[in-house]
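**Student:** If you number the sequence shown the way my numbering does, the last residue is 269 and the count never jumps. Ideal Cβ placement from N, Cα and C applies to all residues, glycine included. All of these numbers come straight from a predicted model, not from anything done at the bench. Handing you a structure now.
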Amino acid sequence: MFWETKKLKDMSSSEWESLCDKCGKCCVIKLEDFDTQDIYYTNVSCKLLCEKTALCKDYINRKSIVPDCTILSSENLKNLKWMPETCAYKLVDQGKKLPKWHPLISGNEEEIVKSGNSVKNRVTNEKNIKIKNLPNYIYDW
129 MFWETKKLKD MSSSEWESLC DKCGKCCVIK LEDFDTQDIY YTNVSCKLLC
179 EKTALCKDYI NRKSIVPDCT ILSSENLKNL KWMPETCAYK LVDQGKKLPK
229 WHPLISGNEE EIVKSGNSVK NRVTNEKNIK IKNLPNYIYD W
């Protein structure tokens, strides 16, 4: 189990990509309280996230299509306070175990959906929402 023996920075690109549980939480719009700096997740997804699969529709070109998309790396992970607590990258970086529903542990991609940790079929695309209404979509994942 490579994630238990390697540091994030030492993983191959295929190991790195397989660590993602494909929950889609990093691809929902988040709001930050100006006064408290608290982060609030919404159930509104980035325009590139497919609501039915919780996968990016153009993963390779995402940064050029959505300029404020953050490409996760071992270097920027610690600075991304909005990453979900269940994020495998975050867990591995903190020396914690992956949850039983993670595809690398469970052996399938549906356990994350059954566990309620995926945004699959639970988000609305940002193309359908007016920005001023985003606070109405705050959601506790």
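Taking the alpha carbon of residue 146 as the point to measure from, which residue in 138, 154, 131, 137 has its own alpha carbon closest?
**Tutor:** It is 131.
**Student:** Are residue 197 and residue 191 touching if we call contact CB-CB under 7 Å?
**Tutor:** Cβ distance < 7 Å, so residue 197 and residue 191 count as in contact.
**Student:** Using the three-state DSSP reduction, which class does residue 253 fall into: helix, strand or coil?
**Tutor:** If DSSP states are grouped into helix, strand and coil, residue 253 belongs with the strands.
**Student:** Let's test the definition: count the other Cβ atoms within 10 Å of the Cβ of residue 169 and tell me whether it reaches 16, buried, or not, exposed.
**Tutor:** Per the 10 Å Cβ criterion, buried.
**Student:** Are there three or more Cβ pairs, one per stretch, closer than 8 Å when the segment 218-233 is compared with the segment 160-176?
**Tutor:** Not touching, per the Cβ criterion.
**Student:** In chain order, which alpha helix (DSSP H) runs of at least 4 residues are fully inside the segment 152-239?
**Tutor:** Correct list: 190-193, 216-221, 231-234.
**Student:** Work out the CA separation of residue 201 and residue 156 for me, nearest whole Å.
**Tutor:** Near 18 Å, if we compare the C-alpha coordinates of residue 201 and residue 156.
**Student:** Use the C-beta contact count for residue 238: other C-beta atoms within 10 angstroms, 16 or more gives buried, fewer gives exposed.
**Tutor:** The residue in question, residue 238, is exposed, as its Cβ has fewer than 16 Cβ neighbours within 10 Å.
**Student:** CB residue 173 to CB residue 251, shorter than 7 Å?
**Tutor:** Yes, these two residues count as a Cβ contact at 7 Å.
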